[in-house]
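Everything on this sheet refers to the single structure shown next.
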Amino acid sequence: MKVAVIGAGWSGLAAAVAAAQGGARVSLFEAGRVAGGRARGVATDDFSFCDNGQHLLIAAYGGVFELLRRIGADAAMVREPMAWYMADGVRFQAALLPKPLNLLLGLLLAKGARLPEKWALLRDLAVLSCWQKWGSGDKSVADFLAEQKVSQKWRDEFWQAMVWGALNTPVETASLRVLANVLADGGGSDFCLPVNDLDNFLVQPALRKLAECGGEFVPETRVGRLSHSNNQIMVNHQVFDRVIIAVAPYHVAALLPEDWAADFQAAAQSWRYHAITTVYLRYEHSPQLPVLMTGLAHGTAQWLIDRSRLNGANEVAAVISVSEQYGSLKADEWAARVHADVLRVSPNVGEPVAVQVITEKRATIASTPNRLIFNQDNLNARGIFLAGDYLNERYPATLEAAVLSGFAAAEKVLQAALNDKNIYKTNK
Ligand SMILES: Cc1cc2nc3c(=O)[nH]c(=O)nc-3n(C[C@H](O)[C@H](O)[C@H](O)COP(=O)(O)OP(=O)(O)OC[C@H]3O[C@@H](n4cnc5c(N)ncnc54)[C@H](O)[C@@H]3O)c2cc1C
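Numbering follows this note's numbering, in which position 117 of the sequence shown is assigned residue number 1212; successive positions increment by one, without gaps.
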């Protein structure tokens, strides 16, 4: 069976590898020069490594680990117990105990909050956990915080940072259910950071595995609108039995055969996107931030990653979620603001000797309450399958959501091939 996978982001890579391992002849088309999509390495002479954005694996990452296993990647990464370290606020570390005792003990031992404040946060987390198990309709995180009468301290030092970081969505429009799922499935246990660029971490090993399984990677090839002919699908004038469309949601409608594009566009109308800016700063000496990931409740940057603790480089990678909230700052303005943040934590850090600023305007689809998930049954019946980070109901648009969707699309394609074979046998 010939399968075209369109888009070599992490969903397309997962789909291509899984379909090829299942016996399909896979062609993986990518419009760009390199694979990786919104999670790709960026060439740099100034930094030990650079990606289009600082990525970390937090809460759920079983799918990503499964992909790493399948491609035999010897992934270099740091895996640390979850530490919540706000330079200008509360600090705690999840204890090495089963959930939820890890958070309970961690929070009771927290620094920067009085005992009644700790109990208040624990109570709100417990209410959210119960709501996640038994709750009815979804609502915004802001509504929940108002109902619980959450103090300004906890809004600033916990909830907002958590929602921005995990959902890349403002608290006012963020889905409480998605946040609750993230917290239930692992938020509060540990997190992983690659010590190298994403290209080395996953993209190149995935492409090597694809080639080993007889698949081909076709870069710099933008696929146009698909068309049908005799139960097969035309992809840029080539014929395929099945197609997996693994592009970002705002590129899907341009690929779908015209009669189905309108349905997708109707669903996509309600979707919103938010930006993420990453600022990389290199210093002469180690930035000496207190922990690997330092948070700021009242900074421009929300998280500062100290790379000297990752790979020995004198570098900081700063994450600004929902970064459109600051308007359109120029690169030097971003750098000045983030350097000021670093100075607040590490006053003797000196001036940066290299700076790189990358803004991805449509970094992820917003995790809004009851976000519509496109029903692809009709498309699937015609041999077209969707993959992408926007298809997961449970999680926000993340690497994990992308990889899981890729596996799911490949599985459906392989199942369809099996059904074809059985029909063929029966007819004979
Ligand atoms: C700055 C930033 C920081 C992030 N941080 C995190 C994080 O810390 N943790 C986390 O889990 N997630 C994070 N994310 C989200 C994560 O990167 C995405 O969820 C994931 O990469 C999406 O993968 P995808 O395969 O669904 O889509 P994409 O990566 O968008 O892949 C789609 C691919 O399709 C290609 N394409 C489009 N149209 C065509 C066409 N017509 N023909 C051929 N190819 C086409 C594109 O070039 C692209 O390569 C972050 C994202 C950004 C931008």
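Note that beta-carbon positions come from the ideal geometry of N, C-alpha and C, so glycine has one too.
These numbers were taken from a predicted model, which means no experiment stands behind them.
- S1324 and G1478 have their C-alpha atoms spaced approximately 12 Å apart.
- L1288 has its alpha-carbon roughly 14 Å from the corresponding atom of L1163.
- The three-state secondary structure of M1257, taken from DSSP, is helix.
- K1304 and L1351 have their alpha carbons spaced roughly 28 Å apart.
- The closest heavy atom of ligand 1 lies less than 6 Å from the beta carbon of D1484.
- Sequence-distant Cβ neighbours of N1291 in its own chain, meaning closer than 8 Å and more than five residues away, are F1144, A1171 and N1406.
- With 16 or more other Cβ atoms from the protein chains shown falling within 10 Å of its own Cβ, G1107 counts as buried.
- The alpha carbon of P1314 has as its nearest neighbour, out of V1298, A1103 and W1254, the alpha carbon of A1103.
- Per DSSP, the unbroken alpha helix (DSSP H) holding S1224 starts and ends at L1210 to W1229.
- Comparing alpha-carbon positions, the option among A1392, V1258 and Q1227 lying closest to Y1180 turns out to be A1392.
- Exposed is the label assigned to R1209, since fewer than 16 other Cβ atoms lie within 10 Å of its Cβ.
- For V1313, the enclosing beta strand (DSSP E) has its first and last residue at E1311 to V1313.
- For A1168 and P1300, the gap between their C-alpha atoms comes out near 6 Å.
- Under a 10 Å Cβ-count criterion, G1232 is classified as exposed, with fewer than 16 other Cβ atoms of the shown protein chains found around its own Cβ.
- Out of R1133, A1134 and V1159, the CA that lies nearest to the CA of A1109 is found in V1159.
- Restricting attention to L1481, N1514 and S1416, the CA atom closest to the CA of A1348 is found in L1481.
- In the same chain as V1448, and ignoring 5 residues on each side of it, the C-beta atoms closer than 7 Å to its own belong to R1377, Y1378 and E1379, in chain order.
- Contact check for A1430 against V1414 fails: the beta carbons are separated by 7 Å or more.
- Fewer than three Cβ pairs drawn from the stretch 1140-1156 and the stretch 1178-1198 lie within less than 8 Å of each other, which leaves the two stretches out of contact.
- Assignment of beta-bridge partners to M1329 by DSSP yields S1322 and V1334.
- Taking a C-beta distance under 7 Å as the contact criterion, L1203 and K1213 qualify as a contact pair.
- By the 16-neighbour rule on beta-carbons within 10 angstroms, P1491 is buried.
- Of the candidates L1384, S1462 and V1245, L1384 places its Cα closest to the Cα of A1412.
- Sequence-distant partners of L1191 (beyond 5 residues in either direction) whose C-beta falls short of 8 Å from its own C-beta, in its chain, are P1176 and N1197.
- Beta-bridge partners of K1206 (DSSP): R1186.
- Annotated as proximal: V1318 and V1330, with beta-carbon spacing under 7 Å.
- A straight line joining the alpha-carbon of D1140 with that of E1353 spans about 44 Å.
- W1259 places its beta carbon less than 7 Å from that of S1416.
- Taking 6 Å as the cut-off, the C-beta of T1493 counts as close to a heavy atom of ligand 1.
- In the three-state DSSP reduction, H1369 falls in the strand class (E or B).
- A distance below 7 Å between beta-carbons, with the five flanking residues on each side excluded, links A1205 to the following residues of its chain, in chain order: V1185, R1186, F1187 and K1213.
- Assigned with DSSP and collapsed to three states, K1244 falls in coil, not helix or strand.
- Taking I1468 as the centre and dropping the five residues before and after it, the same chain places the C-beta of L1486 and E1488 closer than 7 Å to its C-beta, in chain order.
- In this structure, ligand 1 has a non-hydrogen atom nearer than 6 Å to the beta-carbon of H1150.
- For V1444, the closest C-alpha among the options W1249, G1136, S1403 and N1475 is that of S1403.
- Residue pairing by DSSP places W1398 opposite G1390 and V1414 in a beta bridge.
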